[in-house]
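So the protein lines, in turn, are chains A and B. In terms of UniProt numbering, the first sequence is numbered consecutively and its last residue is 304. In terms of UniProt numbering, the second sequence is numbered consecutively and its last residue is 304. Quick reminder that beta carbons are idealized off the backbone N, C-alpha and C, glycines included. I have placed the structure first, in the form of structure tokens, so that the comments after it can refer back to it.
There are 2 protein chains.
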Amino acid sequence: MAIKVYGSMFSTATIRVLLCLTEKDLDFELINIDLASGEHQMPHMLSRNPFGQIPAFEDGDVKLFESRAIILYIVRTYPYKGTNLVSHDPKQKAIETMWMEVECQVFDPAVVGLAWELWMKRFLFGQKEDPAIGLEKKLDCLLDVYESRLSESKYLAGDRYSLADLYHVPMIKFLMDTQTKEVFEAREHLSAWVRDILARRACLKAYCYTGEDAAAATALTHGAHTAVATAVMATISDEIRVTLAPARPSALPGDPPNSGDAPTASTLRRSARIVGARPDTTVPPQGGSTHPPQSPAFGPISDA
Amino acid sequence: MAIKVYGSMFSTATIRVLLCLTEKDLDFELINIDLASGEHQMPHMLSRNPFGQIPAFEDGDVKLFESRAIILYIVRTYPYKGTNLVSHDPKQKAIETMWMEVECQVFDPAVVGLAWELWMKRFLFGQKEDPAIGLEKKLDCLLDVYESRLSESKYLAGDRYSLADLYHVPMIKFLMDTQTKEVFEAREHLSAWVRDILARRACLKAYCYTGEDAAAATALTHGAHTAVATAVMATISDEIRVTLAPARPSALPGDPPNSGDAPTASTLRRSARIVGARPDTTVPPQGGSTHPPQSPAFGPISDA
Chain A
1 MAIKVYGSMF STATIRVLLC LTEKDLDFEL INIDLASGEH QMPHMLSRNP
51 FGQIPAFEDG DVKLFESRAI ILYIVRTYPY KGTNLVSHDP KQKAIETMWM
101 EVECQVFDPA VVGLAWELWM KRFLFGQKED PAIGLEKKLD CLLDVYESRL
151 SESKYLAGDR YSLADLYHVP MIKFLMDTQT KEVFEAREHL SAWVRDILAR
201 RACLKAYCYT GEDAAAATAL THGAHTAVAT AVMATISDEI RVTLAPARPS
251 ALPGDPPNSG DAPTASTLRR SARIVGARPD TTVPPQGGST HPPQSPAFGP
301 ISDA
Chain B
1 MAIKVYGSMF STATIRVLLC LTEKDLDFEL INIDLASGEH QMPHMLSRNP
51 FGQIPAFEDG DVKLFESRAI ILYIVRTYPY KGTNLVSHDP KQKAIETMWM
101 EVECQVFDPA VVGLAWELWM KRFLFGQKED PAIGLEKKLD CLLDVYESRL
151 SESKYLAGDR YSLADLYHVP MIKFLMDTQT KEVFEAREHL SAWVRDILAR
201 RACLKAYCYT GEDAAAATAL THGAHTAVAT AVMATISDEI RVTLAPARPS
251 ALPGDPPNSG DAPTASTLRR SARIVGARPD TTVPPQGGST HPPQSPAFGP
301 ISDA
């Protein structure tokens with residue numbers, strides 16, 4: 001298989017790349033990188049990404065890192081496969097690019113703080129989360145702009161699903177499992193958009209790849225009905241959440257078969273410190289965010 | 001004049017767009033937005049960018065925001081003007097895109113914290129800066145990767161200046177006026193690259209546009225010698241630094257002629273709160289960063 005993705009189910013950046021690959025209906029191999037043991041910082045991974053982040057990507061002799069750069073390579077290289085995710089009309093393309101940048105520069109920085117408060121502090125550091133009211137208020141203002149935009153067009157860049165929408169999926173999928181879901185559901189057009197982009201077959205398939213249920217992924221590949229896929233996803237999603245609770249002494253789904261002992265709360269905490277603030281590594285479930293407020297490990301490659 | 005940029009000399013994002021326009025040798029009009037009075041949050045600017053950030057951009061009926069999206073529009077729309085800043089070879093283009101993403105996802109988040117410590121706290125909030133040793137250490141590790149990369153090729157994406165290099169200019173230009181200059185100068189290939197990209201004629205010209213010396217900009221447009229341009233830039237740069245000191249009761253260079261009283265330390269602080277954490281608005285001199293650690297105004301559109 002030509003395309004290889006070195007990543008983790010705990011990485012929103014990895015999931016972003018998988019979303020693109022499943023939308024483009026491309027075959028690929030997902031090689032799980034064990035964040036808990038710091039595998040992303042080991043020489044074999046530093047040779048793939050010198051900043052020690054995931055995902056890393058290989059397509060024959062093309063070797064890349066940075067999830068959004070990988071995605072742009074994929075859509076440029078395979079324009080006629082699967083879903084067309086980019087426009088060729090110059091003005092439309094400019095609008096798509098603008099909303100892709102909004103995700104990266106405005107949306108993502110706003111939600112990583114929430115992810116820190118709502119997930120990481122409690123699960124990885126055993127701290128009580130602070131009321132996320134301030135952060136949610138900021139998100140609230142931001143989502144007003146999204147609601148206004150989505151009242152004008154079905155998708156962010158127009159009437160067609162594009163990379164602008166796809167880029168948002170991983171963090172939105174995470175937030176839908178937190179109390180912040182309510183601020184999305186309070187908005188008619190925004191919540192319709194969220195339901196739409198999360199129910200896409202390619203999206204469900206990508207999340208199956210990040211879990212351990214390869215059979216479910218295979219079923220989806222061969223055209224399982226969306227309702228079935230949703231049920232499968234719900235199961236996998238629950239499983240992931242339960243397994244992540246530090247107290248449960250089981251292997252993480254997606255761990256390599258011979259990866260040794262299951263990670264403990266301690267190893268998860270260590271991993272969180274390692275990946276603390278790496279934009280292209282960290283994800284809410286794994287712990288950490290690009291810039292968690294008062295994160296104990298703010299800044300990239302702090303432990304390199 | 002068809003192209004209009006609504007921005008500010010205090011905004012690295014604005015400067016990023018100007019750098020592209022000067023490299024592409026395009027005529028444009030820079031409309032100064034008075035951050036100190038919160039002009040970027042006023043209706044006429046919110047209609048140009050609903051997130052209340054600068055720059056905003058107009059080229060005829062094309063209206064955009066987000067500096068990197070604007071730049072990609074410019075290079076796609078005017079491929080044969082001025083410097084060719086993007087490659088057409090697919091593999092080379094992928095490498096360029098990867099290093100453009102590195103700037104955005106790795107480099108920028110690392111240096112905005114430094115900008116906060118080294119500039120904003122002292123000048124805008126009257127606080128003593130904390131030793132930036134931790135932040136500089138993180139930058140140090142990151143710059144090792146850059147040094148390694150630049151020992152392989154003259155520019156980040158290869159042997160030719162590209163958007164990957166241009167994206168880095170605004171923050172590097174700022175850091176060269178701080179103690180952090182030393183960590184760049186300690187690396188042979190990195191410091192050669194910095195000297196090269198900051199000495200480009202288009203770069204000097206862009207910085208003239210952000211100052212008040214329109215004559216200097218005009219001189220550069222008509223082919224002033226680089227040494228002369230450097231001298232002009234040094235003058236303008238000094239002027240900007242001195243004028244920014246809160247105690248000096250003078251108008252900010254670049255303020256509209258009828259903008260009223262010169263900003264005081266108080267108005268600068270207010271402005272800093274307003275633009276606190278907006279990636280596409282904030283710049284070190286104005287105060288704030290995308291995610292300043294423990295910033296009193298973390299988060300986007302907090303004051304919208």
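Note that the stretch 83-99 of chain B does not touch the stretch 31-41 of chain B; fewer than 3 beta-carbon pairs, one per stretch, sit closer than 8 Å.
About 6 Å separates the beta carbon of E66(B) from that of V102(A), a gap short enough to meet the 8 Å contact definition.
Between the alpha carbons of E117(B) and F107(B) lies a gap of roughly 16 Å. Boundaries of the alpha helix (DSSP H) harbouring F184(A): 181-185, taken from the DSSP string. In the displayed model, L142(A) falls within a helix according to three-state DSSP. Here T12(A) is actually not in contact with L114(A); their C-beta atoms are around 13 Å apart, not less than 8 Å. Take L190(A), set aside five residues on each side of it, and the residues of its chain with a beta-carbon closer than 8 Å to its own are L143, Y146, E147, L150, F184, in chain order. Burial check for P79(A): the Cβ neighbour count within 10 Å stays below 16, so the residue is exposed. The residues L143, E147, in chain order, have a CB closer than 7 Å to that of R187(B) in the same chain once the five nearest residues on each side in sequence are set aside.
Close CB contacts of E152(B) within its chain, under the 8 Å cut and outside five residues either way in sequence, are absent.
Here F57(A) is near I70(A), since their CB atoms are less than 7 Å apart. Annotation: Cβ neighbours of K91(A) in chain B (cutoff 7 Å, chain order): V62. In this structure, the CA atom of K93(A) is about 11 Å from the CA atom of V62(B).
Residue contact with chain A for A157(B): absent (no Cβ-Cβ distance below 7 Å to any residue of chain A). Sequence-ordered contacts of the UniProt domain "GST N-terminal" (1-82) of chain B with chain A read P50, F51, V62, L64, F65, E66, R68, A69, L72, Y73, R76, T77 [C-beta pairs closer than 7 Å]. Closest in C-alpha terms to V75(B), from the list A157(B), R48(B), I31(B), T22(B), comes T22(B). A164(A) does not reach chain B, its nearest Cβ partner there being about 10 Å away, counting only Cβ pairs nearer than 7 Å. Identification of chain B residues near T178(A) by a Cβ-Cβ cut-off of 9 Å yields none; the smallest Cβ-Cβ distance measures about 17 Å. Residues of chain B whose Cβ lies closer than 7 Å to the Cβ of E101(A) are, in chain order, E66, R68, A69. Counted as a single uninterrupted DSSP element, the alpha helix (DSSP H) harbouring V112(A) occupies residues 108-115. DSSP lists Y6(B), F65(B) as the bridge partner or partners of A56(B). Taking C-beta atoms as the reference points, V5(B) and P55(B) count as a pair closer than 7 Å. Chain B places a beta carbon closer than 7 Å to that of A94(A), counting this residue as a contact. At a cut-off of 7 Å, the C-beta of V111(B) has no neighbouring C-beta in chain A. A residue is called buried when at least 16 other Cβ atoms come within 10 angstroms of its Cβ; K173(A) meets this threshold and is buried.
Here the alpha carbons of M9(A) and L26(A) stand approximately 19 Å from one another. At least 7 Å separates the CB of M171(A) from every CB of chain B.
D59(A) is not a Cβ neighbour of I15(A), given a cutoff of 7 Å. Taking L156(A) as the centre and dropping the five residues before and after it, the same chain places the C-beta of W99, A164, D165 closer than 6 Å to its C-beta, in chain order. Collapsing the DSSP output to three states places L30(A) in a strand. Listed along the chain, the chain B residues whose CB falls inside 7 Å of the CB of V145(A) are P50, F51. The three-state reading of DSSP puts Y161(B) in coil, since its state is none of H, G, I, E or B. Neighbours of S87(A) in chain B, taken as residues whose beta carbon is under 9 Å from its own, are absent, since the nearest beta carbon is some 12 Å off. Counting the other Cβ atoms within 10 Å of the Cβ of E96(B) gives 16 or more, which makes it buried. Between Y209(B) and L30(B), the C-beta spacing is below 7 Å.
DSSP, reduced to helix, strand and coil, places Y155(A) within a strand of the structure shown.
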